[in-house]
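I have placed the structure first, in the form of structure tokens, so that the comments after it can refer back to it.
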Amino acid sequence: MVVETARCCFCQKEAELVLHVLWSCGAAQDVWAGSLAGHRSHGEAFIRGMEPVLGYLLADMALEEHGHA
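Numbering of the sequence shown is given in this note's numbering, commencing with residue 464 and proceeding in unit increments.
This is the structure:
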């Protein structure tokens with residue numbers, strides 16, 4: 464059985480992982496650049512610390528979208 468990795472819904476270039484969607488995706492970079500919190504070193508540390516929580520929330524949202532909640 465072949466399982467495809469979900470691609471980023473914004474750029475379609477990389478896997479839709481928490482760090483990519485919230486940090487390294489070009490769309491995310493545009494948002495960070497336009498925000499007052501656009502300090503990459505602090506932002507990346509925050510995202511890494513929140514990765515387990517964000518991963519859980521994104522997985523839960525995906526289940527809801529597919530009617531498995």
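Just so you know, even glycine gets a beta-carbon here, dropped at the ideal spot from N, CA and C.
Values in this document were obtained by computation on a predicted structure and should not be read as measured data.
In the structure shown, residue 469 adopts coil according to DSSP, grouped into three states.
By the beta-carbon neighbour count (other beta carbons within 10 angstroms, threshold 16), residue 491 is buried. When rounded, the separation of the alpha-carbon atoms in residue 484 and residue 493 is 12 angstroms. Inter-residue distance for residue 495 and residue 469 is about 23 angstroms (C-alpha atoms, whole angstroms). Here residue 478 is bridged, per DSSP, to 470.
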